[in-house]
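What follows is one structure encoded as structure tokens, with my remarks underneath.
Residue numbers (the working numbering), protein chains in the order written: chain C, 111 to 262; chain P, 41 to 496; chain L, 477 to 641.
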């Protein structure tokens, strides 16, 4: 009894460690937060050191969906479709306060938080969040990826 | 969503008459060209683009309706997010439109500061545009170098405004705070780095065979077409028309600062790239000359005389020990740096109906407190007389216009932003029909579509 | 050309189709009747002295809640024009009634008017007679109503997917 769970939990940890350092993100960039996303991804605040340096521009090949920037109601079905196209295991990061709660765009055009449409794992507030906040959010995501039983 | 195909594209039959059909390809709205969200629905005959339909509006955030909801200064954060790569130009354009409506004239120093910060913003915009455009052609190094240069400029912006991107620095009647001490040295350093990056990019890309093959002769628009489509800015100058609002209808301090207009010849993507590179150098020249000629001189770093902490200052006022209180220097919090009395008077118009008093006056004198209240209370505030005004600034993409209608109350009745990147995106079908699919990418990159501005 | 000279020239050519002119804070405006709009715009573009070759912007204003103008025509379509050769500007305004919000199109004169008028239709519901492809530009087709009208509440959401809040 104990031996079986010991091996699977060690395997879980190993797979979690591997998954958290090989993040293939799909940057769903819409608005101003995209500029801070670019800044975080480039040399100054390099996100490649966390293993997240290779964005995959197809949802079929990505495992983390970075929703960066305001989502309007016109864009919402597209976001849902992209999310549906990703394979498990997948995670979603709400980057910027417009994706967390709609930001200060409380009007007819803006979705008040993408968690009304898709499940979100990490929220990074800020308008736009500084790259340090983004990296903090990314590290929290890595902790989330690493912990728990891994599906494989 | 209506299918564009039903609307206007006929189920195309190829002109070769062998029974083959045109292929309908949808690019976007979520696509890797990191410019924003636009949908290009193309009908292709092999690799050649026969017809396209461009669909925008995926980032419509109701800017104009939101501006009507609050007092005049409330719209400043919304204007930041219009052209979010050069937010300072939007801030100042909007503020200038309201100042035109009010009929106030900003101080000279404020004009120079607006020029300096606008030019820094313009350089950031061009860096992002050329960098992202080159990345899509495969020159990833150029992108990294230009974002590196942009970081140096963002540090400058952060020194002055407190934020990197969405700065909310402009105010009606002036700017939020004066330039910090030692700013001109920091600008020199940042510009030296930027000039080095531009030189490196020139070596990498300008004579590069692959780059030139993909950009020369692609996406060209004739001079007449460019004007008929209402296109202004670098795209119009690349077509050979020397129209730059900073020269033809100078505003702020542009009439006192000499610079050159970069002109192209063919109006193709390569000329647009060269125009943007040249404009960055010109912008640096403008900013340096403006810093040299800044009225009011460099900031005094420290002053003689004891400065007292603000709570002691307020206590003295409350106790009635007000003799000489209005002249006493105070140590302000770092957030309020550049907003002390001397600085405030240098950069804000001396008009009580428009500009908030300094914190020292608000807390130190009853007149200041009343002034502050009259500008902040609901129903009061900045109340331009009923009328309308249009102010156009030279944004990074062209003529950025703000049309403001006032009804005499403290809320704008109508604010309209004329986006400089709407005409080029409207003319995009004209630019790419007849070209190949791969030519859409550099053309779209050189148009520099910014979603926040396009969709407002 | 001086702003008042521009307005004078418009007045001499348009006669009584030019309803009013005024100048405020340096901007020169001509209010034109709907019947004379195409003539006015063609004149602005083709006349050598005026030569307004750049259609800068087409937009509209809803005067429903404007104090003092509740009885007049509800909308005004506003055209901003610029001449690259001469360097002068003018603004043309066309009053439009609420019951008959139709204005002739300018797409025959400037191709950019296509998208600018689509935006006015989308945001205000003003039709453009003769427009080749009048559909929404910024909102999605399923959206009902015209958001920038004063009687459209700012947070009436019509989501395509997701909760109705």
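Ideal placement from N, C-alpha and C gives every residue a C-beta, glycine not left out.
- Each of P:258, P:494, P:247, P:130 was checked against the Cα of residue 278 of chain P, and the nearest Cα belongs to P:258.
- A direct Cα-to-Cα measurement between residue 79 of chain P and residue 139 of chain P gives close to 37 Å.
- Taking a cut-off of 8 Å on C-beta distances, the region 578-594 of chain L touches the region 530-549 of chain L, as three or more cross pairs fall below it.
- Taking C-beta atoms under 8 Å as the contact rule, residue 142 of chain C and residue 209 of chain P fail to qualify, at a distance of about 15 Å.
- Put simply, the backbone Cα of residue 234 of chain P is about 44 Å away from that of residue 425 of chain P.
- Excluding the 5 residues flanking it on each side, residue 379 of chain P has same chain C-beta neighbours closer than 8 Å at 216, 217, 218, 372, 398, 399, in chain order.
- The shortest C-alpha to C-alpha distance from residue 231 of chain C to any of C:199, C:214, C:237 is the one to C:199.
- Secondary structure at residue 186 of chain C: helix, using DSSP grouped into helix, strand and coil.
- With contacts defined by Cβ atoms closer than 8 Å, residue 485 of chain P and residue 172 of chain P form a contacting pair.
- Looking only at P:472, P:189, P:289, P:61, the smallest Cα-Cα distance to residue 163 of chain P is reached by P:189.
- At the C-beta level, residue 304 of chain P and residue 530 of chain L stay beyond 8 Å of one another.
- Cβ proximity to chain L below 8 Å picks out 283, 288, 289 from the region 282-293 of chain P.
- Note on residue 464 of chain P: 16 or more other CB atoms within 10 angstroms of its CB, so buried under the neighbour-count rule.
- Residue-level contact by beta carbon holds for residue 109 of chain P and chain L, with a gap shorter than 8 Å.
- Around the Cβ of residue 175 of chain C, a 10 Å sphere holds 16 or more other Cβ atoms; the residue is buried.
- Ranked by how close their Cα comes to the Cα of residue 59 of chain P, the residues P:68, P:85, P:81, P:67 have P:85 in first place.
- For the region 589-603 of chain L, residues whose beta-carbon sits nearer than 9 Å to a beta-carbon of chain P comprise 589, 590, 591, 592, 595, 598, 599.
- When beta bridges are read from the DSSP output, residue 114 of chain P appears opposite no residue.
- Within the region 208-234 of chain C, contact with chain P at the beta-carbon level (separation under 8 Å) is assigned to 214, 215, 217, 218, 219, 220.
- DSSP, reduced to helix, strand and coil, places residue 201 of chain C within a strand of the structure shown.
- With a 10 Å radius around the Cβ and a threshold of 16 neighbouring Cβ atoms, residue 208 of chain C comes out buried.
- In the structure shown, residue 550 of chain L falls within a coil segment according to DSSP collapsed to helix, strand and coil.
- Residues are counted here when their Cβ sits less than 7 Å from a Cβ of chain L; for the region 157-189 of chain C these are 183, 184, 186, 187, given in chain order.
- In the three-state DSSP reduction, residue 363 of chain P falls in the coil class, being neither helix nor strand.
- Residue environment analysis places residue 105 of chain P among the buried positions, since at least 16 neighbouring C-beta atoms fall within 10 angstroms of its C-beta.
- Residue 146 of chain C counts as buried, since no fewer than 16 other beta carbons sit within 10 angstroms of its beta carbon.
- For residue 447 of chain P, the residues of chain L that pass the 7 Å Cβ criterion are 542, 543, in the order they occur in the chain.
- Around the C-beta of residue 361 of chain P, fewer than 16 other C-beta atoms lie within 10 Å, and the residue is accordingly described as exposed.
- Only those residues of the region 143-156 of chain C whose C-beta falls short of 7 Å from the nearest C-beta of chain P are listed: 144, 145, 146, 148, 149, 152, 153, 154.
- For chain C, the residues of the region 617-632 of chain L that bring a beta carbon within less than 9 Å of one of its beta carbons are 619, 621, 623, 628, 629, 630, 631, 632, in chain order.
- Taking the beta carbon of residue 535 of chain L as reference, the chain P residues within 7 Å of it are 443, 456, listed in sequence order.
- A straight-line Cα-Cα distance of about 24 Å links residue 243 of chain P and residue 159 of chain P.
- Within the same chain, Cβ atoms closer than 8 Å to the Cβ of residue 476 of chain P are found at 87, 88, 89, the five residues on either side in sequence being excluded.
- Here residue 230 of chain C carries a coil assignment [DSSP, helix/strand/coil].
- Here the alpha carbon of residue 122 of chain C sits roughly 24 Å from the alpha carbon of residue 163 of chain C.
- Inter-residue distance for residue 212 of chain P and residue 203 of chain P is about 19 Å (C-alpha atoms, whole angstroms).
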